[in-house]
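Chains A and B supply the protein sequences, listed in that same order.
First residue of the first sequence: 1, per the numbering used here; consecutive thereafter.
First residue of the second sequence: 1001, per the numbering used here; consecutive thereafter.
Here's the structure we're looking at; comments come further down.
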Amino acid sequence: MSTEPVSKDRILLEMRDVRIDGFSDERWHQIIKGVNLTLRRGEILGLIGESGAGKSTLGKAAMGYTQPGCKLTGGSILFDGIDLVKASDAEKRRLWGTRIAYVAQSAAASFNPAHRLIDQTVEAATRRGIRPDAESRADAVQLFRALQLPKPETIGSRYPHQVSGGQLQRVMTAMAMSPRPDLIIFDEPTTALDVTTQVEVLSAMRNIVEEFNTAAIYITHDLAVVAQMADTIKVLRYGEEVEEAPTRQMLTEPKQAYTRSLWSVRALEKPEVKGDDIILSIDHVDAAYGPFKVLHDVNISIPRGRTVAVVGESGSGKSTTARVITGLLPPLSGSVIFNGEPLPAALKDRSKDQLQRIQMIYQMADTAMNPRQTVFDIIARPLEFYLGLKGKAREDRVVELLKMIELDESFMDRLPSELSGGQKQRICIARALAAEPDIIICDEVTSALDQIVQEGILKLLLRLQKEFNITYLFITHDIATVKAISDEIVVMFQGKVVEQGLKSEILSPPFPDYTQLLLSSVPEMDPDWLTNLLSARPDGP
Amino acid sequence: MTDQPDTYAAAAEVGAVRKRRTRLERVGLLLKSAPPSAWFGMIVVTLYILVAIFADVIAPYGEAEIHPVPFAPWGGEFLFGTDQIGRDVLTRLIYGARNTMGIALATTMLSFLIGGGLGLVAAINRSWLDQFLSRFVDVLMAIPSLIFALMLLSIFGSTVTSLIMIIAVLDSTRVFRLTRAVAVNVAVMDYVEAAKLRGEGLSWIMRREILPNILPPLVAEFGLRFCFVFLTIAALSFLGVGIQPPTADWGSMVRENASLIQFAKYDITAAITPLLPAAAIALLTVAVNFIVDWFLHKTSGLRDEH
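Spelled out as structure tokens, the structure:
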């Protein structure tokens, strides 16, 4: 928007001692406890931290906006000389969408499904009279091209549901860029995308922000991602700043212990151990949902006390395999052999003992726990149901289980809604553990969590495996998780097992094309990783 | 969040931590936030309940006690006068609260027991049983309920028991529909699947996994259903097949004294007499609806902006 030459070191945004309170449970709580933030023109600031650290709230406050249920209680926010704390709603509305733009996490939920993409892209620029409609449209096509969208001339005439999630996220970036804002706030823009798409979106965003010398605040919990994007990184925790430094300095010599612990997340890797004592095997299983055949002659064998990771794209039959093992979906043919004996195909024919020995942990801990039952109820039920524990013995065992998952007694009377994401998943682990199973099926158990929380959960699972010799069948699409936890890997593709073998065998070249793409797309903690990757791929992302 | 460790710790993760409150404190907080309309509703309903419980004590005369003067005017010995055979109108209004509300409550509870129970079974089962029950309910709902009730009452006779049974069965179709609809959404949740994998029986899944999660809409529906049942009983009594004399009941009181309306030009209070039981019905219906509205607003999760 601004046409005068911009110098890189002029301060664009200055937030001083910003304090924000949120209202919940009939009281006000401090969410942001006095944070300072300075952003120069053309600079990209990465905001990172666990969920609940106040990243998004701070990002929105940079626009002078607070969500319903939040209020600004102190501090000043100066955007290019305009005091956003004192500015009226009308003044702020004039800035929003034109000089400050916001790119939300879920592009699919942020587009109006009833309008064409191009109409939504140019809306702000045209309606605020920044330039004539025809010019905006031509410009939008240029932006689509710069963002490497396929068919930039015609993609704008599609509706949001007609393009993929990654494309939609890039269209949203185009929408934000269209009025040439001075500041863009990216609020976890790639969190909902899978790794291969993420690379494309990241490189497109970085290029376009550089090209127009736009300042940006990039909010994420993914350290490797922020390392690619940001000039400066600010770490937040509990609504307070932990530290801030230029990206390279921050990566090489973080000062605070908390930052160092964030940095070590991706280093986790379990040494693989071969196992010979097969506890469960899936023998020539075919399965179908109605007329749709999902599994074709699947054979998997799982050694006792080891972790077998099942990887593959969505729709490859990973979760269906788990449903066959648990008896929720009786197979068309073939059988599941457990401890040397075939299991009855249907759930209702299995004995209580058989049910007890195979437990399951779900991807979404939110929906896997009854919101009306307390943590005690949830963990105590399998104790009573399978082991017949009652009264004091049962209570003691629940406390013991809570200790095992690194929580304490104070959690007993909480409801699931009063727990964080990682704590919820830990309670689910405790529930599975309470049954004293031989094997636990983990269905994408970490994919809904922040990285640092993920690492905590994986470490916990590894420790429990060592202590109780539990076998895991670990379903995931995340290669970093596979590296961290597995002994053996099963690769599935379109309902068939492509290969099964030890981790070292599967993860060493030569790879099939898909595995190669999957492996190379996982971001690394090196600020040059994206640049190197893109130059290594000759045809571009 | 008092101690904040330097590195990651599971117990220190930021969740939506809620202050522990006793049940009493929670109820107190809830009542403090209640709007005036809800307060009005709660006060009215409480008064009605007190009147119904202590009818023997409050009423000046016996329920079926006949005095020598029929159609006595207001004031004096009889505050609201007497009816066509000389019974005190005030006394019968007070006893009417007990009879009409008692029967309506019993009916509503029975209909929730039948409709709710079968609705839950249908939602969990989802097989031919669900189809059978749902289609059967469709058939019952296709017949206008008041006419159906009239027909059944003339077959089985107008005893209090058959009145309760018939209205409860007819009303349970609506409860079935609602319960099944909300329970189906809960029955597909992972925690229900987890309970099935654990090997839990139907009864546990119904009572412990699903019911607590569908309670808010059911409670709201209970309030509304209670009003409808109450109106149905009043209507049936007005038509003469509901609660039978000498039991006092608001619907039949309107019918018995309806002819008094034509004397409005001579004595306005006489004309108001048959409207008193009608007003009692209306006031209770409005009061219950106020409470239900507030409850629905509370549980729908809508947040007032601060």
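We put the CB at the ideal spot given by N, CA and C, even for glycine.
When DSSP states are grouped into helix, strand and coil, glutamine 373(A) belongs to the coil group. Leucine 236(A) is bridged by DSSP to Glu241(A). Classified as buried, proline 437(A) has 16 or more neighbouring CB atoms from the shown chains inside 10 Å of its CB. With respect to the C-alpha of isoleucine 208(A), the residue from Glu240(A), Val453(A), Ala174(A) and Ile77(A) having the closest C-alpha is Ala174(A). If you draw a straight line from the Cα of threonine 98(A) to the Cα of serine 178(A), it is about 8 Å long.
No Cβ-Cβ contact shorter than 8 Å links valine 85(A) with glutamate 240(A).
Counting of Cβ neighbours within 10 angstroms places serine 1172(B) among the buried residues, the total reaching 16 or more. DSSP places valine 1182(B) inside the alpha helix (DSSP H), whose first and last residues are 1160-1187. Proximity of chain A to methionine 1189(B) at the Cβ level (cut-off 7 Å) is accounted for by Thr367, in chain order. Counting the other CB atoms within 10 Å of its CB gives arginine 10(A) a total below 16, which places it among the exposed residues. For a Cβ distance threshold of 8 Å, nothing in chain B lies close to glycine 388(A): the least Cβ distance comes to about 14 Å. Leucine 1215(B) sits in a helix when the DSSP states are folded into three classes. Using a CB distance below 7 Å, the part of the stretch 1197-1212 of chain B facing chain A consists of Leu1197, Arg1198, Gly1199, Glu1209 and Pro1212, ordered along the chain. Around alanine 1034(B), no beta-carbon contact reaches into chain A at under 7 Å, the shortest distance being about 13 Å. For aspartate 1130(B), the enclosing alpha helix (DSSP H) covers residues 1128-1142.
Around the Cβ of tyrosine 258(A), a 10 Å sphere holds 16 or more other Cβ atoms; the residue is buried.
In terms of Cβ geometry, glycine 46(A) and methionine 229(A) form a close pair [threshold 8 Å]. Between alanine 1194(B) and chain A, the shortest Cβ-Cβ separation is below 8 Å. Looking at Met63(A), Ser88(A), Ile20(A) and Asp80(A), the one whose alpha-carbon comes closest to that of glycine 69(A) is Ile20(A). In the DSSP assignment, phenylalanine 1080(B) falls outside any alpha helix (DSSP H) and carries neither an H nor an E. Within 7 Å of the CB of lysine 234(A), no CB atom of chain B is found; the nearest one sits about 18 Å away. Within its own chain, the residues whose Cβ lies closer than 7 Å to the Cβ of valine 1292(B), once the five positions on either side in sequence are excluded, are Ala1220, Gly1223 and Leu1224, listed in chain order.
When rounded, the separation of the alpha-carbon atoms in threonine 214(A) and serine 301(A) is 54 Å.
Under the three-state reduction of DSSP, alanine 346(A) is assigned to coil, being neither helix nor strand. The alpha-carbon separation between phenylalanine 338(A) and leucine 280(A) amounts to approximately 4 Å. Judged by beta-carbon spacing, valine 491(A) lies within the 8 Å limit of glycine 312(A), meaning their Cβ atoms are closer than that value. At a beta-carbon threshold of 7 Å, none of the residues of chain B lie near leucine 343(A); the nearest stands roughly 13 Å away. Its chain contains Gly312, Glu313, Ser316 and Tyr514 as the residues whose beta carbon lies nearer than 8 Å to that of phenylalanine 493(A), once the 5 sequence neighbours on both sides are disregarded; these appear in chain order. When the Cα atoms are used, aspartate 1267(B) and phenylalanine 1080(B) turn out to be separated by approximately 13 Å.
By the 16-neighbour rule on beta-carbons within 10 angstroms, methionine 1151(B) is exposed.
Judged by DSSP secondary structure, tyrosine 1095(B) falls within the alpha helix (DSSP H) whose first and last residues are 1089-1125.
Residue environment: serine 333(A) is assigned as exposed (fewer than 16 neighbouring CB atoms within 10 Å of its CB, all protein chains considered). Contact between the stretch 1087-1096 of chain B and the stretch 1044-1060 of chain B is established, with three or more Cβ pairs separated by less than 8 Å. Take isoleucine 1164(B), set aside five residues on each side of it, and the residues of its chain with a beta-carbon closer than 8 Å to its own are Ile1103, Ala1106, Thr1107 and Leu1110, in chain order.
What leucine 355(A) touches in chain B, judged by beta-carbon distance under 9 Å, is Leu1197, Arg1198 and Gly1199, going in chain order.
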